[in-house]
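Chains as they are written, first to last, in the UniProt record's numbering: chain A, 1 to 167; chain B, 1 to 167.
Cβ atoms here follow ideal geometry from the backbone N, Cα and C, with glycine treated the same way.
Keep in mind it's a predicted model, so treat the numbers as computed, not measured.
Single-structure report; data block below.
Number of protein chains: 2
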Amino acid sequence: MEFKEAKNKFVQTWGALGSQWGINKTMAQIHALLMVSNEAVSMEDIMDELQISRGNASMNLRALMDWGIVYKEYKAGERREFFTAEKDLDELASKIARERSKREIKPALKILKEVSTIEAKDSAEEKHFVDQTTKLYDFVLKADNMLDKMTEFNENWLGRLVLKIMK
Amino acid sequence: MEFKEAKNKFVQTWGALGSQWGINKTMAQIHALLMVSNEAVSMEDIMDELQISRGNASMNLRALMDWGIVYKEYKAGERREFFTAEKDLDELASKIARERSKREIKPALKILKEVSTIEAKDSAEEKHFVDQTTKLYDFVLKADNMLDKMTEFNENWLGRLVLKIMK
DNA sequence: TTAAACTTTCAAAAATAAATGAAACTTTAT
DNA sequence: ATAAAGTTTCATTTATTTTTGAAAGTTTAA
């Protein structure tokens, strides 16, 4: 396979994977493109490579910067802006985890807490509801904490040891 | 909050969460409904509670069964079928992880392997591409393995210990 | 201060994903 | 064997999400 073909395949695949996980295709594609670029890329070039409109490029770059996984860069003597992606994968995973936790999991936990603490009457149905949502709350909380700690966990010696054992 | 209201809130929230993670809303809602039901539910009742059509209910129940997280149940003396959800959360997480790994991560890994093993010419651009995609391959593989082992990890003593330390 | 170069916004259009519902199919009791 | 009870399928419709593009907004150099 040739470089250009490989690069395109990678960008397409990353885009498809993104949309399967609730991240829009273009956003994932831009990120992919920046990940494998050895230097900062202008919006013009992004538009050109991905065949997307200026507005689309602008909005998704903004979103990526909001997630903290793409940075703006200024080049001396150049008026226009260039973009680079976070390339350290642990850092990337950590930021994505933090962001999704904040945006989705934390609000869901709040609701779970609410619904799991209703006054359960004596019906088996209501008892089961409270029991199950309580378990779910605990589970999601635990999973959220794990996600949160994943990176530092990945980096510490005990984590490495456990990872080895798990393989 | 009253039981009916709480149940509805839970089903809606779970549905919204699902669609943010690439699972369709109805599928997640049906699952939510079954999770908090203390007894098996008929298709008729699901349609009724979620206000969805027969076809929609049927297709999403089928999908949930394909994922292995919803089961058909037959009641003596009843012709129609009833459905229950996997209620053990570790088991649920494990099945979802397995399924998403099989459907999405494994194919993505295959592509990553392909594109990361192209013959990199001497340009810095191509070298960076190969380097970055290789790192990504390793990272995704590691993450996939972790997901795979999460359940048994959660259950074993060392896992529990590490979890405690991580908190 | 102004005009060129560039970026952002957002209403409308296009693309995509999900839901409907009626017909086809299957199962089971008689 | 058959008809009643129930389930599945899938072409069409509907809803949702994403993209476009032109206008508005910014910034900077002269």
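Note down the Cα distance separating residue i from residue j, rounded to an integer number of angstroms.
| i | j | result |
| --- | --- | --- |
| A:M43 | B:L112 | 26 angstroms |
| A:A143 | B:D88 | 15 angstroms |
| A:E99 | A:K106 | 10 angstroms |
| A:F139 | A:Q51 | 43 angstroms |
| B:E2 | A:H128 | 15 angstroms |
| A:G68 | B:G22 | 22 angstroms |
| A:I96 | B:R79 | 48 angstroms |
| A:E5 | A:V130 | 54 angstroms |
| B:A16 | A:V11 | 28 angstroms |
| A:K9 | B:V115 | 7 angstroms |
| B:A93 | A:E73 | 40 angstroms |
| A:E104 | B:D122 | 44 angstroms |
| A:G55 | B:K75 | 57 angstroms |
| B:T13 | A:E91 | 29 angstroms |
| A:K135 | B:A40 | 19 angstroms |
| A:N145 | A:E49 | 38 angstroms |
| B:S37 | B:E81 | 15 angstroms |
| B:D66 | B:K102 | 13 angstroms |
| A:D148 | B:K7 | 29 angstroms |
| B:G77 | B:T133 | 58 angstroms |
Strictly below 8 angstroms CB to CB, what residues from chain B border residue i?
| i | result |
| --- | --- |
| A:E126 | F3 |
Using a C-beta to C-beta distance shorter than 7 angstroms, which residues of chain B count as neighbours of residue i?
| i | result |
| --- | --- |
| A:K25 | Correct list: empty, because the minimum Cβ distance to chain B is about 12 angstroms. |
| A:A108 | T13, L17 |
| A:L136 | L89 |
| A:W21 | W21, G22 |
So which residues of chain A does residue i contact, with C-beta pairs closer than 8 angstroms?
| i | result |
| --- | --- |
| B:K7 | V115, F129 |
| B:E49 | The contacting residues do not exist; B:E49 stays about 13 angstroms from chain A at best. |
| B:I111 | K9, F10, T13 |
| B:I118 | M1, E2, F3, A6 |
Going by the DSSP bridge assignment, what does residue i pair with across the sheet?
| i | result |
| --- | --- |
| B:V41 | B:F83 |
| A:V70 | A:A85 |
Leaving aside the five residues before and after residue i along the sequence, list all residues of the same chain whose C-beta is less than 8 angstroms from its C-beta, in chain order.
| i | result |
| --- | --- |
| B:V70 | I30, H31, L34, L61, L64, F83, T84, A85, E86 |
| B:K25 | G15, A16, G18, S19 |
| A:L141 | L109 |
| B:Y137 | L109, L112, K113, S116 |
| B:S53 | M47 |
Take residue i and list the residues in its own chain whose beta-carbon comes closer than 7 angstroms to its own, dropping the five residues that flank it on each side.
| i | result |
| --- | --- |
| A:M27 | G18, N60, A63, L64 |
| B:I118 | V130 |
| A:A124 | none |
At a CB-CB cut-off below 7 angstroms, which residues of chain A make contact with residue i?
| i | result |
| --- | --- |
| B:T133 | F10, V36 |
| B:F82 | Simply none; closest approach about 15 angstroms. |
Using a Cβ-Cβ cut-off of 6 angstroms (strictly less than) and excluding sequence neighbours within five positions of residue i, which residues of its own chain qualify?
| i | result |
| --- | --- |
| A:A120 | E126, K127, V130 |
| A:A57 | M43, I46, M47 |
Can you pull the chain A residues whose beta carbon is under 9 angstroms from the beta carbon of residue i, in chain order?
| i | result |
| --- | --- |
| B:I30 | Within chain A, no residue comes near B:I30; the closest Cβ sits about 15 angstroms away, beyond 9 angstroms. |
| B:E104 | A16, L17, Q20, W21 |
| B:I69 | Going along chain A, no residue has its Cβ under 9 angstroms from B:I69, so there is no contact; the nearest lies around 14 angstroms. |
Any heavy atom of the ligand SAH closer than 7 angstroms to the Cβ of residue i?
| i | result |
| --- | --- |
| A:L34 | Inclusion of the ligand SAH in the displayed structure is not the case, the ligand content being empty and no account of it being possible. |
Check: Enumerated in chain order, which unbroken segments of the beta strand (DSSP E) with a length of 3 residues or greater are wholly contained in the region 74 to 146 of chain A?
Finding: Listed in chain order, they are 81 to 85.
Next item on the list: Report the residue ranges of all beta strand (DSSP E) runs contained in full by the region 7 to 43 of chain B; include only those spanning at least 3 residues, in chain order.
Entry: Entirely contained in the region 7 to 43 of chain B, not one beta strand (DSSP E) run reaches 3 residues.
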